[in-house]
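Here the structure is laid out as structure tokens; the discussion comes afterwards.
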Amino acid sequence: MSEPTEQDIRDRAHRLWEQAGKPEGRDDEFWNAAEQALRNEDKSDTLRTPDTL
Numbered sequence: 279m280s281e282p283t284e285q286d287i288r289d290r291a292h293r294l295w296e297q298a299g300k301p302e303g304r305d306d307e308f309w310n311a312a313e314q315a316l317r318n319e320d321k322s323d324t325l326r327t328p329d330t331l
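Residues 279 to 331 (my numbering) make up the sequence shown, in order.
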């Protein structure tokens with residue numbers, strides 16, 4: 279998988295925000311958590327090959 283797209287991050291951040299009870303004023307926190315989670319998922323992909331790194 280390539281770098282997460284802005285839409286991927288936005289969708290994940292929204293889910294995390296909802297799961298946390300929709301707190302106000304923590305947009306950056308959820309955005310960063312979503313981006314990191316998506317990047318970590320990519321690194322743990324067992325089907326990675328040298329051309330997909």
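C-beta atoms are modelled at their ideal positions from N, C-alpha and C, and glycine is treated no differently.
- Residues near Arg317 in its chain [Cβ-Cβ closer than 7 Å; skip 5 each side]: Spatial neighbours of Arg317 in its own chain (CB-CB distance under 7 Å, excluding positions within 5 residues in sequence) are listed in chain order as Pro282.
- Message: Just to confirm my understanding: we take Ala315, look at its own chain, exclude 5 residues before and 5 after, and list those with CB closer than 7 Å. What are they?
- Response: Answer for Ala315: Arg290, listed in chain order.
- Message: According to DSSP, simplified to helix, strand and coil, what is Lys321?
- Response: Per DSSP, reduced to three states, the secondary structure at Lys321 is helical.
- Query: Expressed to the nearest angstrom, what Euclidean distance is found between the alpha-carbon atoms of Pro301 and Arg293?
  - Reply: Cα-Cα distance, rounded: 12 Å.
- For the alpha helix (DSSP H) containing Ala241, list its first residue and its last residue. Because the chain here runs from 279 to 331, residue 241 falls outside it and cannot be looked at.
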